[in-house]
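Read top to bottom, the protein sequences are chains H and G.
The first sequence begins at 98 in this note's numbering and counts up by one.
The second sequence begins at 8 in this note's numbering and counts up by one.
All C-beta atoms in this analysis are idealised placements derived from N, C-alpha and C, irrespective of residue type, glycine included.
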Amino acid sequence: MTPTRVRLSALRKRFGRLEVLRGVDATIAPGRITAIVGPNAAGKTTLIKSILGMVRPDSGTVLVDDAAVGRDPGYRERIGYMPQASRFPEQLSGREVIGLLTAVRGRRDGLDEELIARFRLEPHLDRPVRTLSGGTLQKLNAAVAFLFRPSLLILDEPTAGLDPVAAGLLKDKVLRAPGDGTTVILTSHIMSEIEELAENLLFLVEGSVVYQGPVAALLERSGERRLERAIAEMLAGAAA
Amino acid sequence: MSNTGKVMTSQLRNVARSRWIAGYAILLALLTWMLLRFGGSGERALLSLLNVVLLLLPLVTVVFGTLYVYNAREFIEMLLAQPVGRGALYTGLFGGLALPLAGAFLVGVGIPLLVLGGGGPAFPGQAVMLVTVGVLLTLVFTAFSLCVAVLIEDRARGLGAALFVWLFTTLIYDGLILLVTSAFDRYPLEGPLLGMMFLNPVDLGRVLLLLSFDVSALMGYTGAVYRQFFVGPAGMLLALLMLAVCAAVPFLLGLHWFRRKDF
C-alpha cells in the first residue's frame with residue numbers, strides 16, 4: 098500500500114470572530130507518524146477536520162494524494178479516523194456500526210480486526226453503544242479507525258480514556274502502521290506519548306505553525322532532553 | 008446500492024424502530040376511526056380530518072423531524088468521515104425521515120378510510136385528495152425540519168424555531184392575510200390574495216381540500232374566486248405542483264446549507 102501524502106497550503110478558518118487557522122502551510126510526510134501539538138484551542142482538531150472535509154476552510158487548500166479536498170468524498174476511502182470522543186449512533190450496537198461502515202465502504206473482506214481481538218471487544222459488540230463504558234467505547238473507536246486498512250490514519254487524542262494496557266496495545270498498533278504503508282497523523286497532550294510515537298512534529302499556536310519537522314531536530318535545537326521542556330520553551334518564546 | 012440508499016435504509020431502521028412513529032400512526036388511526044364512526048356522514052368526517060391534516064400533521068412532522076436530526080448528529084458525523092458525499096447523506100436523511108412519517112400517515116388515515124369508507128360517490132376521490140395532500144405536506148415539513156436543524160446548532164433553539172415554523176404557516180400567515188385584507192379592503196384583492204396563498208403550503212393544502220370537498224362556500228366570497236381558478240384538473244394540478252415546489256425549495260435550501268456546514 099502506498100502511504101497517503103497530505104499537503105496544506107494557506108489554510109484559513111474562522112468561526113465567528115475567532116480565527117482558528119491563520120494561514121497554515123504544512124506537509125505531512127507520507128509513511129511517517131506526525132504529531133500535531135499545541136496548547137488548547139490552537140486549532141488542532143479544526144486542522145484534522147479540514148483534512149476530513151468535515152470543516153470547510155474559508156480559504157486555502159488541502160491536498161490529499163495531490164487531489165484537492167472538495168465535494169468528491171472518494172478520497173476518504175483511504176482514511177481511518179478516530180475522533181476525540183467516539184461519535185457512534187447511540188442506539189446501534191457495535192456490530193451494526195461496523196455493518197453500516199462496511200456497507201458504506203463496500204468492503205467486507207480483508208478487514209483488519211486485530212484490535213477487536215486484542216481489546217476483547219467481541220462480547221460487547223451486540224450491545225447498544227450507549228450502554229458501553231467510556232473505555233470500551235474508546236476501544237471500539239480505535240478498532241474502527243484501523244478496520245479498513247487505511248493509508249492515512251487520523252487519531253485525535255487516541256489514548257485518552259484508555260487504561261494503560263489498552264493504551265499500550267494501541268500504541269504498538271500505531272507504531273506498526275508506517276511499516277504497512279500508512280501515514281499517521283495524531284494529536285496528543287501527553288508529551289511522553291509523542292516522544293514514544295512520533296517522528297515528526299507539527300506545532301501549532303493560535304492557528305499558526307511555529308515548528309514543523311523531526312522531533313529529534315527540535316530537541317537538538319532547544320538543547321533540552323525532554324520534549325515537554327522543549328515545547329514549553331517554544332511556547333514561552335512564541336508568547337514573548 | 009447508492010450511498011443515499013445505504014444512509015436511508017439505516018435511517019429507516021432507526022426511525023421505524025422509534026415508538027413515536029408508531030404512536031403517531033395509532034393516534035391518526037384512532038382520530039380517523041372516531042371521526043368516521045361518530046362524525047356524521049363520510050364527507051363531514053373528511054372535513055374534520057382536514058384539520059388533522061392541516062394542523063396536527065405539520066406539527067408532528069416538523070417537531071419530530073427537527074428533534075430526530077439533532078439526535079442523528081453522531082450518525083451524521085460518523086458518516087462524514089467516510090466516503091459518503093454530503094448530498095447523498097442529506098438526501099438519505101430526508102428520505103429516512105419522510106418515508107416513515109408519510110408511511111405512518113398513510114397507514115393511520117388510509118386504512119380506516121378504506122375499511123370504514125362511507126359517504127357519497129365523491130368520497131373515494133376526496134379521500135385520495137386528502138391522502139395526497141397529507142403526503143405532500145409531510146414532505147414539506149420534513150424539509151423545513153432539516154433546514155432548522157442544519158442552520159441552528161442549539162437543540163432548544165431549534166425546537167423553538169420548528170414550533171415557530173408551524174405557528175407561522177398554520178396561524179400567523181393567515182393573520183397576515185387577514186390584516187392585508189382589512190387594510191386594503193377598498194381594492195380588488197383576489198389576485199394578490201391568490202398569490203399570497205400560493206406561497207404557504209398549509210393554505211394551498213386547505214384550498215385544495217376545501218374545493219375538492221365542495222364546501223368552498225365556507226370560504227365566503229373569495230372562495231368563489233378560488234373556485235373559478237382551481238376547479239378543473241388544470242387548477243388542481245397547478246396547486247399540487249405548487250405544493251411540491253413548497254417541498255423542493257426548503258429541501259434544496261437545506262442541502263445548500265448542509266454542504267457548507269462545519270461539523
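Residues near ALA44/G in its chain [Cβ-Cβ closer than 8 Å; skip 5 each side]:
Residue identity check: residue 44/G is Arg in the sequence provided, not Ala. So the qualifying residues of the chain are LEU123.
At a CB-CB cut-off below 7 Å, which residues of chain G make contact with ASP166/H?
Here residue 166/H turns out to be Val, not Asp, going by the sequence shown. Going along chain G, no residue has its Cβ under 7 Å from VAL166/H, so there is no contact; the nearest lies around 12 Å.
Can you find a CB in chain G that lies within less than 8 Å of the CB of MET98/H?
no
Could you spell out where the alpha helix (DSSP H) holding ASP181/G opens and where it closes?
180-190
Does the beta carbon of ALA200/H sit closer than 8 Å to a beta carbon anywhere in chain G?
yes
With DSSP as the reference, please indicate the residues paired to SER156/H in a beta bridge.
ARG109/H
Between the Cα of ASP161/G and those of SER219/G, GLY110/G, ALA105/G and ASN78/G, spot the shortest distance and give me the residue it belongs to.
ASN78/G
Which of helix, strand or coil does DSSP assign to VAL121/H?
strand
How many Å lie between VAL69/G and LEU218/G at the Cα?
26 Å
Please report how far the alpha carbon of PHE151/G lies from the alpha carbon of ALA239/H, in whole angstroms.
36 Å
Using CA atoms only, rank isn't needed, just tell me which of GLU303/H, GLY304/H, HIS286/H and VAL312/H is closest to GLU296/H.
VAL312/H
Three-way DSSP call (helix, strand, coil) for ILE287/H in this model
coil
Beta bridge counterpart(s) of THR131/H as assigned by DSSP:
ILE282/H and ASN297/H
Hey, ALA52/G and GLY115/G: beta-carbon distance below 8 Å or not?
no
Name, in chain order, the residues that DSSP records as bridge partners for MET179/H.
LEU252/H
Which residue marks the beginning of the beta strand (DSSP E) containing PRO311/H, and which one marks its end?
305-311
Residues in its own chain within less than 6 Å of ALA271/G by CB, not counting five upstream and five downstream?
An answer regarding residue 271/G cannot be provided, because it is not within the stretch 8 to 270 covered by chain G.
What residues from chain H crowd round ARG26/G, counting only those whose CB sits closer than 8 Å?
Here the premise fails: no neighbours, minimum Cβ distance about 12 Å.
First and last residue of the alpha helix (DSSP H) that includes SER152/G?
130-158
Applying the 10 Å Cβ sphere with the 16-neighbour rule, what's the burial state of LEU178/G?
exposed
Would you give the residue range spanned by the alpha helix (DSSP H) that ASP269/H belongs to?
261-273
Could one say the Cβ of MET15/G lies closer than 8 Å to chain H's Cβ atoms, at least one of them?
no
Listed in chain order, which residues of the stretch 206-223 of chain G have Cβ atoms closer than 9 Å to some Cβ of chain H?
none
For the alpha helix (DSSP H) that contains LEU216/G, what are its first and last residues?
208-219
DSSP has ALA165/H in a bridge; who is on the other side?
LEU160/H
Positions along the stretch 242-257 of chain G whose CB lies within less than 9 Å of some CB in chain H
none
Where VAL302/H falls: helix, strand or coil (DSSP):
strand
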